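Below: one structure, written as structure tokens.
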Amino acid sequence: MKCHRIRKMISPYMDDRLGPAEKEGFISHIRGCAFCRKDLEETQSLGHLFASAERFHAPYGFATRVMANVQEREPSWLSRFFASRPLFLRVMGVAMVLIVSFIGLISGNVLVADKGAIQREANIQQALSLEVFQATPPDTIGAIYVTIMEVRDAT
Amino acid sequence: MAASMTSMDELNLAKRLKDGELTDFAELVRRYEDRIYNLCRYLVRDPRDAQDAAQDVFLKAYRGLKDFRPDSSLYTWIYRIAVNTSLDYRRRSRREASREAALSDDLPSAQPLPDQVYESKEITEAIQAALPRLREKLRAPIVLREIEGLSYEEIAKVLDLSVGTVKSRISRARDELRNLLRKHL
Chain A
119 MKCHRIRKMI SPYMDDRLGP AEKEGFISHI RGCAFCRKDL EETQSLGHLF
169 ASAERFHAPY GFATRVMANV QEREPSWLSR FFASRPLFLR VMGVAMVLIV
219 SFIGLISGNV LVADKGAIQR EANIQQALSL EVFQATPPDT IGAIYVTIME
269 VRDAT
Chain B
8 MAASMTSMDE LNLAKRLKDG ELTDFAELVR RYEDRIYNLC RYLVRDPRDA
58 QDAAQDVFLK AYRGLKDFRP DSSLYTWIYR IAVNTSLDYR RRSRREASRE
108 AALSDDLPSA QPLPDQVYES KEITEAIQAA LPRLREKLRA PIVLREIEGL
158 SYEEIAKVLD LSVGTVKSRI SRARDELRNL LRKHL
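First to last, the protein sequences are chains A and B. FYI, in this note's numbering the residues of the first sequence are 119 to 273. FYI, in this note's numbering the residues of the second sequence are 8 to 192.
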């Protein structure tokens with residue numbers, strides 16, 4: 119085999135990707151070729167270099183921060199409920215909410231308006247009623263004065 | 008490494024994830040946080056950017072749970088998100104331009120002391136300085152192979168490439184890295 123072909127086989131050789139025949143031809147060439155042997159040795163050294171390189175560990179608290187970020191972005195149960203439904207159901211759902219809100223608003227206003235009118239009418243009736251009229255309610259100075267005058271007139 | 012990723016336990020977790028329960032997702036984060044962060048550190052390099060990118064990976068994964076097929080492997084899915092996110096981060100980073108400009112000075116000195124060369128930190132820095140000089144399409148395959156220990160088939164699934172393309176990209180990446188890191192070999 120020629121050198122340029124052997125050099126292409128260095129990397130697969132290192133990863134044990136050569137077939138038995140290819141491997142045999144490769145090793146045989148390497149034994150007799152100083153240039154290709156040097157390339158192989160350098161590539162093997164590169165492998166050792168990577169093997170001795172540092173393996174980094176995630177910083178302390180990394181997983182906790184990830185989960186906090188995930189929870190922060192977690193959609194509410196309502197949006198998850200709607201997100202999992204087909205579009206027409208979502209549109210119908212929103213329409214229903216709007217209709218119910220509108221009906222509630224109108225009915226509420228009518229009820230409040232009626233209640234106010236009834237209350238106002240009751241207040242006027244009470245104000246004009248002679249049955250509940252007390253010119254001088256007992257336990258007032260006016261009532262005491264009237265009582266004194268009645269007693270004096272009687273005597 | 009990757010073989011242990013496709014255990015029954017992993018398959019069960021993949022199925023449970025479809026329900027969108029936060030406790031299951033927390034389990035996924037706990038299992039993959041180191042691997043994803045490590046991958047981001049080699050693809051993004053800057054520790055702060057790598058941390059942001061790794062956070063983004065999990066947020067994207069959570070948002071993408073509805074599209075995840077439980078019959079596909081969990082690590083392929085999460086690694087694919089990690090590679091795409093990391094490469095996006097490097098492209099988007101505002102610090103990119105200045106960092107690239109300073110890159111020639113960033114490489115370790117030509118004649119470091121012999122006892123320092125083999126220290127893990129020095130080696131890591133040399134590799135991290137060399138990786139951004141590779142073409143983007145070569146960077147992810149070599150990192151997945153040499154740092155994450157994935158097989159050609161697994162890399163092909165993660166990057167959505169053929170095994171032949173993966174093989175040739177890893178070979179070219181090694182050739183280029185040999186030249187970039189010659190002083191350390």
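By construction, the Cβ of each residue, glycine as well, lies at the ideal position given by its N, Cα and C atoms. All figures in this text were calculated on a predicted structure; none of them were measured in a lab.
As for any alpha helix (DSSP H) of minimum length 4 sitting wholly inside the stretch 150-199 of chain A, the runs are 152-170, 180-191, ordered along the chain. Chain B has no Cβ within less than 8 Å of the Cβ of A/S225.
Judged by DSSP in its simplified three-state form, A/M127 adopts helix. Taking the C-beta atoms as reference points, B/L24 is found no nearer than 8 Å to B/D16. For A/A139, not one C-beta of chain B is nearer than 8 Å to its own C-beta.
In the displayed model, B/P148 falls within a helix according to three-state DSSP.
Nearest CB-CB separation between B/E40 and chain A: below the 8 Å threshold. Pairwise C-beta distances place the stretch 204-224 of chain A out of contact with the stretch 48-64 of chain B, as fewer than three of them are shorter than 8 Å. At a C-beta separation below 8 Å, B/L184 has these neighbours in chain A: L164. Not a single CB atom of chain A sits nearer than 8 Å to the CB of B/T92.
By the CB criterion at 8 Å, B/T83 and B/A60 fall outside the cutoff. Apart from sequence neighbours up to five positions away, the residues of its chain that approach A/C121 with a beta-carbon distance below 6 Å are C154, ordered along the chain. Pairwise C-beta distances place the stretch 128-144 of chain B out of contact with the stretch 178-185 of chain A, as fewer than three of them are shorter than 8 Å. A/R191 and B/A21 have their C-alpha atoms spaced approximately 22 Å apart.
Judged by DSSP in its simplified three-state form, B/R42 adopts helix. For A/I148, the CB contacts under 8 Å within the same chain, skipping 5 residues up- and downstream, are I124, C154, R155, L158 in chain order. Taking a Cβ-Cβ threshold of 9 Å, the residues of chain B close to A/M185 are L29, F32, A33, V36, F65, in chain order. If you look at A/M267, you'll find it in the alpha helix (DSSP H) that goes 259-272. In the three-state scheme derived from DSSP, where H, G and I count as helix and E and B as strand, B/K73 is classed as helix. The Cβ of A/Q237 sits no closer than 8 Å to any Cβ of chain B. For the stretch 122-154 of chain B, the set of residues with a beta-carbon nearer than 8 Å to any beta-carbon of chain A comprises Y125, S127, K128, I130, T131, A133, I134, R152, E153, I154, in chain order. Counting C-beta atoms within 10 angstroms of its own C-beta, A/S225 has fewer than 16 neighbours from the protein chains shown and is therefore classed as exposed.
In the structure shown, the three-state DSSP call for B/P139 is helix.
For the pair B/T131 and A/E172, the CB atoms are nearer than the 8 Å cut-off. By the neighbour-count criterion, in which 16 or more other beta carbons inside 10 Å mark a residue as buried, A/Y263 falls on the exposed side.
With a beta-carbon spacing of about 11 Å, A/F168 and B/E155 fall beyond the 8 Å limit used to define contacts. B/N186 is not a Cβ neighbour of A/F174, given a cutoff of 8 Å. Counting every other CB atom within 10 Å of its CB across the protein chains shown gives B/E161 a total of 16 or more, marking it as buried.
Counting only residues of its own chain and dropping the five nearest sequence neighbours on each side, B/T172 has a CB closer than 8 Å to the CB of A163. Minimum Cα-Cα distance from A/P177 among the listed residues B/Q58, B/S158, B/A68 corresponds to B/Q58. A/L205 has a beta carbon lying at 8 Å or more from every beta carbon in chain B. The three-state reading of DSSP puts A/L136 in coil, since its state is none of H, G, I, E or B. If you draw a 10 Å sphere on the C-beta of A/P138, you find fewer than 16 other C-beta atoms in it, and that means exposed. Contact between B/R181 and A/S170 does not hold, since the beta-carbon distance rounds to 16 Å and is not under 8 Å.
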